[in-house]
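Have a look at the structure below, then the notes.
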Amino acid sequence: MSEPNPICVALDTPDLDRARALAKALKPHVGHMKIGMEFFYAHGAKGYEAVAAEGLPIFLDLKLHDIPNTVASGMKSLMQLSPRPAIINLHAAGGLYMMKAAADAVDGRAKLIAVTILTSLSNEDIWAVGFNAKQETSAHAASLAKLAKAAGLDGVVCSPHDLAGIRAVTGPEFLTVVPGIRPAEDASHDQKRIATPKAARTAGADILVIGRAITGSPDPVAAAQKILDELSHG
Ligand code: C5P
Numbered sequence: 297m298s299e300p301n302p303i304c305v306a307l308d309t310p311d312l313d314r315a316r317a318l319a320k321a322l323k324p325h326v327g328h329m330k331i332g333m334e335f336f337y338a339h340g341a342k343g344y345e346a347v348a349a350e351g352l353p354i355f356l357d358l359k360l361h362d363i364p365n366t367v368a369s370g371m372k373s374l375m376q377l378s379p380r381p382a383i384i385n386l387h388a389a390g391g392l393y394m395m396k397a398a399a400d401a402v403d404g405r406a407k408l409i410a411v412t413i414l415t416s417l418s419n420e421d422i423w424a425v426g427f428n429a430k431q432e433t434s435a436h437a438a439s440l441a442k443l444a445k446a447a448g449l450d451g452v453v454c455s456p457h458d459l460a461g462i463r464a465v466t467g468p469e470f471l472t473v474v475p476g477i478r479p480a481e482d483a484s485h486d487q488k489r490i491a492t493p494k495a496a497r498t499a500g501a502d503i504l505v506i507g508r509a510i511t512g513s514p515d516p517v518a519a520a521q522k523i524l525d526e527l528s529h530g
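Numbering of the sequence shown is given in my numbering, commencing with residue 297 and proceeding in unit increments.
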């Protein structure tokens, strides 16, 4: 049996036709498609359903973060989407009870994962927010991942730099979905803690979230295929 395709392409665009065209073209070359705030806030359930109709499993990346009752109710509403998202997420910083309430609401109908520390944040950035300055991002990410597992979640979103520490506290079965992926020759944009696709997979990433390195290319299909080739041979 061949391995599942680890690429999840981020369809970060407010343009419905472009999202559909990208989904159609990239379908044979990726394993998941990610729909995030930019697209969902512009097109809602109808837009989501138009893209999901292309048939690949969807990671619905809305990063919920509110009181437990509100997040649980939000999750229940999102579970009405058709087809249901394969993966959905919230912020681990919302706390144990928020995550438990969300897990009860989702009730196994989608994989529920928690954002630990955003890949756009450096040590200095999280310390400026008020995180314990005696600890680096990876220590905070590992604590948040442990809390997510205790709440009954299926996995986390994390930086490639935080994978080793997270694996050490959650074990090998916990799903790791990893953005901040850049082929060596690409620009980092606003991401700070990045890795190449190969390095992230070697560090234990299950799913690689890749946006601009594919969708910003003049030939997104060739860009996705090049990453896949590097993963299998490079
Ligand atoms: O274009 P790029 O590959 O940087 O896109 C990364 C995607 O992953 C974006 O859609 C962003 O919202 C998302 N993401 C992230 N860091 C997280 C969680 C999600 O970059 N911690």
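Each residue gets a CB set at the ideal place from its N, CA and C atoms; glycine is no exception.
Chain-order list of residues whose beta-carbon lies under 8 Å from that of residue i (same chain, five-residue window excluded)
{"i": "R316", "result": "A346, V347 and E350"}
{"i": "L352", "result": "A319, K323, V326, G327, H328 and M329"}
{"i": "A382", "result": "H328, P353, I354, F355, A406 and K407"}
{"i": "D421", "result": "K488"}
{"i": "A397", "result": "P364, N365, V367 and A368"}
Inter-residue spacing [alpha-carbon to alpha-carbon] between residue i and residue j
{"i": "T492", "j": "P364", "result": "36 Å"}
{"i": "P379", "j": "V411", "result": "23 Å"}
{"i": "L307", "j": "V473", "result": "16 Å"}
{"i": "D313", "j": "Y344", "result": "12 Å"}
{"i": "F355", "j": "C304", "result": "8 Å"}
{"i": "D362", "j": "H387", "result": "9 Å"}
{"i": "D515", "j": "K522", "result": "11 Å"}
{"i": "L417", "j": "V453", "result": "13 Å"}
{"i": "H339", "j": "M333", "result": "10 Å"}
{"i": "M297", "j": "D311", "result": "Note on M297: pLDDT 44, under 50, position unreliable in the model; the coordinate value appears next. C-alpha separation (whole angstroms): 37 Å."}
{"i": "D482", "j": "A509", "result": "7 Å"}
{"i": "K342", "j": "G507", "result": "22 Å"}
{"i": "P302", "j": "A520", "result": "11 Å"}
{"i": "A429", "j": "S455", "result": "19 Å"}
{"i": "A499", "j": "D357", "result": "23 Å"}
{"i": "F336", "j": "K359", "result": "12 Å"}
Residue range of the unbroken beta strand (DSSP E) whose run includes residue i
{"i": "H387", "result": "I383 to H387"}
{"i": "V517", "result": "Taken as a continuous stretch (DSSP letters only), V517 belongs to no beta strand (DSSP E), being part of the alpha helix (DSSP H) at P516 to H529."}
{"i": "D357", "result": "I354 to L360"}
{"i": "V453", "result": "G451 to V453"}
{"i": "I331", "result": "H328 to G332"}
{"i": "A410", "result": "K407 to V411"}
{"i": "T366", "result": "T366 -> not in any beta strand (DSSP E); alpha helix (DSSP H) instead, spanning P364 to L374."}
{"i": "T498", "result": "No beta strand (DSSP E) holds T498; the alpha helix (DSSP H) holding it covers P493 to T498."}
{"i": "L471", "result": "L471 to V474"}
Same chain, Cβ closer than 7 Å to residue i, neighbours up to 5 away in sequence not counted
{"i": "L471", "result": "K407, I409, D450, G451 and D502"}
{"i": "D525", "result": "none"}
{"i": "A446", "result": "L392"}
{"i": "S484", "result": "R478 and I490"}
{"i": "F427", "result": "H436"}
{"i": "S528", "result": "none"}
{"i": "V517", "result": "A321, L322 and H325"}
Residue i CB to nearest heavy atom of ligand 1 below 7 Å
{"i": "A487", "result": "Position check: residue 487 holds Gln in this sequence, whereas Ala was assumed. Flag set: Cβ of Q487 near ligand 1."}
{"i": "R508", "result": "yes"}
{"i": "D311", "result": "no"}
{"i": "K522", "result": "no"}
{"i": "D357", "result": "yes"}
{"i": "L414", "result": "yes"}
{"i": "D308", "result": "yes"}
{"i": "G257", "result": "Nothing about residue 257 can be reported from this structure: the residues present for the chain run from 297 to 530 only."}
{"i": "G476", "result": "yes"}
{"i": "K445", "result": "no"}
Alpha helix (DSSP H) segment containing residue i, residue limits
{"i": "I510", "result": "R508 to T511"}
{"i": "I462", "result": "L459 to T466"}
{"i": "I422", "result": "N419 to V425"}
{"i": "L312", "result": "L312 to L322"}
{"i": "T415", "result": "Note, T415: premise wrong, no alpha helix (DSSP H); not H, not E."}
{"i": "T433", "result": "T433 to A446"}
{"i": "L307", "result": "Here L307 belongs to no alpha helix (DSSP H), and DSSP marks it neither H nor E."}
Residues near residue i by beta carbon distance below 6 Å, same chain, minus five either side
{"i": "T466", "result": "A441 and K445"}
{"i": "M375", "result": "R405"}
{"i": "G448", "result": "A399"}
{"i": "P533", "result": "In the structure as shown, the chain begins at 297 and stops at 530. Residue 533 is therefore absent and cannot be evaluated."}
{"i": "A401", "result": "A368, M371 and K372"}
Closer than 7 Å: residue i CB and nearest ligand 2 heavy atom
{"i": "V425", "result": "For ligand 2, the structure offers nothing, since it holds only ligand 1."}
Margin query: Three Cβ pairs or more, each shorter than 8 Å: is that satisfied between the stretch 455-469 and the stretch 428-442?
Written below: yes
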